[in-house]
Amino acid sequence: MKTPGSTWKASQFFRVAEFPVQAQRFGARSFTAHTHDFIQLVYVESGTLTHEVGSASFAMDTGDIMFVPPFVRHRPRTGTDVSFVQINFAPFVIHSSFTTHLSFMNSTETDAAYLAPLAHIMRGGKPRPVNLAHVHAVGGRISDMIERYASLTAFDAVLKADLLWLLAHIAETGNKEKGTAAVKHRDEIASAIRFIESKYADDIGLADAASAAALSPSFFSRSFRNVTGKTFVHYLAEVRIFHAVRMLRESSRPVTDICYAVGFNDMNHFCRMFKRMTGRTPSVFRKTSGL
Numbered sequence: 004m005k006t007p008g009s010t011w012k013a014s015q016f017f018r019v020a021e022f023p024v025q026a027q028r029f030g031a032r033s034f035t036a037h038t039h040d041f042i043q044l045v046y047v048e049s050g051t052l053t054h055e056v057g058s059a060s061f062a063m064d065t066g067d068i069m070f071v072p073p074f075v076r077h078r079p080r081t082g083t084d085v086s087f088v089q090i091n092f093a094p095f096v097i098h099s100s101f102t103t104h105l106s107f108m109n110s111t112e113t114d115a116a117y118l119a120p121l122a123h124i125m126r127g128g129k130p131r132p133v134n135l136a137h138v139h140a141v142g143g144r145i146s147d148m149i150e151r152y153a154s155l156t157a158f159d160a161v162l163k164a165d166l167l168w169l170l171a172h173i174a175e176t177g178n179k180e181k182g183t184a185a186v187k188h189r190d191e192i193a194s195a196i197r198f199i200e201s202k203y204a205d206d207i208g209l210a211d212a213a214s215a216a217a218l219s220p221s222f223f224s225r226s227f228r229n230v231t232g233k234t235f236v237h238y239l240a241e242v243r244i245f246h247a248v249r250m251l252r253e254s255s256r257p258v259t260d261i262c263y264a265v266g267f268n269d270m271n272h273f274c275r276m277f278k279r280m281t282g283r284t285p286s287v288f289r290k291t292s293g294l
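Each residue of the sequence shown is one higher than the one before, starting from 4 at the first, in the working numbering.
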């Protein structure tokens with residue numbers, strides 16, 4: 004039984020470690036608020052539910068589906084007449100190079116397109132349900148996923164194909180609803196992001212990232228925000244906090260050591276940013292993560 008505020012870990016959650024996918028149907032029941040280090044989709048088969056994600060609350064109707072990103076505190080609140088499905092999976096199910104929840108966000112792999120709506124949310128976009136009621140056979144596909152998961156013992160190509168089919172329709176529907184145009188300078192910003200993710204622990208600044216992108220600092224600053232939806236400073240802090248979360252969960256190093264190891268040079272600033280992004284202080288996060 005998970006305690007309130009706990010983190011569900013992929014290493015303990017999935018039945019088949021080499022194929023971390025789960026599909027399960029729920030009716031009316033109570034949930035405690037929690038986070039997890041894998042990706043979740045919530046699909047409403049019938050009825051309505053309210054989904055609290057971070058500090059926002061979303062009313063979901065029949066046919067609605069939405070992403071829940073890793074490490075975001077959330078809780079479904081169900082009514083008395085609802086049927087909904089949770090589909091959980093680790094990013095590397097989509098592509099073997101997606102080893103963390105950040106690795107797909109600016110990947111040049113074509114399979115990253117399956118997770119583009121999630122990447123948009125993680126760059127600061129507002130999470131929201133999209134409605135798939137217009138998609139032929141979506142309910143049947145999801146029911147098939149639940150049935151295949153019930154007897155899952157190893158890699159299942161059909162289950163993966165159904166997951167990719169579902170993700171493709173979410174991306175297509177979301178793009179139609181947003182009417183999003185392609186953003187310029189993606190390749191240059193991708194180079195800067197690779198630089199950030201390899202040098203986050205160092206004393207790096209905007210000028211360093213702009214140099215990695217071969218752009219002037221002022222032009223880089225505008226382009227970075229256009230592509231990622233976040234300022235350079237916010238993105239760098241997010242990467243550092245992600246690695247701090249990993250260290251808190253996987254080691255017993257003191258919080259002060261972790262603060263400096265991920266690139267912060269002020270403990271108070273680190274604690275403020277950590278609580279802003281996770282909803283908890285580093286010490287509380289470690290306790291509620293079971294360490």
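For each residue, glycine too, the CB sits at the ideal point set by N, CA and C. Just so we're clear, the structure is a prediction, and the values are computed from it rather than from any experiment.
Inset, instruction - State yes or no: is the C-beta of residue 54 within less than 8 Å of the C-beta of residue 79? - result: For residue 54 and residue 79, yes; Cβs fall inside 8 Å.
Legend entry - Beta-carbon contacts of residue 297 that lie in its chain and below 8 Å, excluding the five residues immediately before and after: Missing from the structure shown is residue 297; the chain here goes from 4 to 294 and no further.
Inset, instruction - Work out the CA separation of residue 86 and residue 18 for me, nearest whole Å. - result: Roughly 23 Å separates the two Cα atoms.
Inset, instruction - Give the C-beta separation of residue 265 and residue 247 to the nearest angstrom, bearing in mind that I take them to be a contact with Cβ-Cβ under 8 Å. - result: A Cβ-Cβ separation of about 5 Å places residue 265 in contact with residue 247 under the 8 Å criterion.
Inset, instruction - Would you mind sorting residue 171 into buried or exposed? The rule is 16 or more other CB atoms within 10 Å of its CB. - result: Classification for residue 171: exposed.
Legend entry - Length-filtered (4 minimum) alpha helix (DSSP H) runs lying within the segment 156 to 221: Counting only runs of 4 or more, we get 160 to 181, 189 to 202, 209 to 216.
Legend entry - Same chain, Cβ closer than 8 Å to residue 83, neighbours up to 5 away in sequence not counted: So the qualifying residues of the chain are 31.
Inset, instruction - Run the CB neighbour count on residue 241, radius 10 Å, all protein chains shown included, and call it buried at 16 or more, exposed below. - result: Only buried fits residue 241, as 16 or more other CB atoms lie within 10 angstroms of its CB.
Inset, instruction - Could you tell me if residue 253 is buried or exposed, where buried requires 16 or more neighbouring beta carbons within 10 angstroms of its beta carbon? - result: When all chains shown are included, residue 253 counts as exposed.
Legend entry - Under the three-state DSSP convention, the category residue 244 falls into: Residue 244 falls in the helix class under three-state DSSP.
Legend entry - CB contact flag (residue 209, residue 219, <8 Å): Result no, Cβ atoms of residue 209 and residue 219 do not sit closer than 8 Å.
Inset, instruction - Rounded to whole angstroms, what's the CA-CA distance from residue 228 to residue 76? Just pull it up for me. - result: A straight line joining the alpha-carbon of residue 228 with that of residue 76 spans about 25 Å.
Inset, instruction - Give the DSSP-derived three-state secondary structure of residue 277 in the structure shown. - result: Helix at residue 277.
Inset, instruction - Measure the C-alpha to C-alpha separation of residue 174 and residue 168 and round it to an integer number of angstroms. - result: Going by the C-alpha atoms only, they are around 10 Å apart.
Legend entry - Rounded straight-line distance, which links the Cα of residue 12 to that of residue 211: Each residue's alpha carbon lies about 35 Å from the other.
Inset, instruction - Go through its chain and collect everything with a Cβ distance to residue 107's Cβ below 6 Å, but skip five positions before and after it. - result: For residue 107, where only same-chain residues beyond five positions count, the Cβ hits under 6 Å are 94, 101, 115, 118.
Legend entry - Minimum C-alpha distance to residue 147 - residue among 260, 135, 157, 164: Of the listed residues, the one whose Cα sits closest to residue 147 is 164.
Legend entry - Helix, strand or coil at residue 108 [DSSP, three-state]: Residue 108 falls in the coil class under three-state DSSP.
Inset, instruction - Could you tell me if residue 270 is buried or exposed, where buried requires 16 or more neighbouring beta carbons within 10 angstroms of its beta carbon? - result: Exposed, by the Cβ-count rule.
Inset, instruction - Give a yes or no on whether the C-beta atoms belonging to residue 92 and residue 155 are separated by under 8 Å. - result: In this structure, the beta-carbon distance from residue 92 to residue 155 does not fall below 8 Å.
Inset, instruction - Have a look at residue 267 and residue 160 and give me their C-alpha separation to the nearest angstrom. - result: For residue 267 and residue 160, the distance between alpha carbons rounds to 43 Å.
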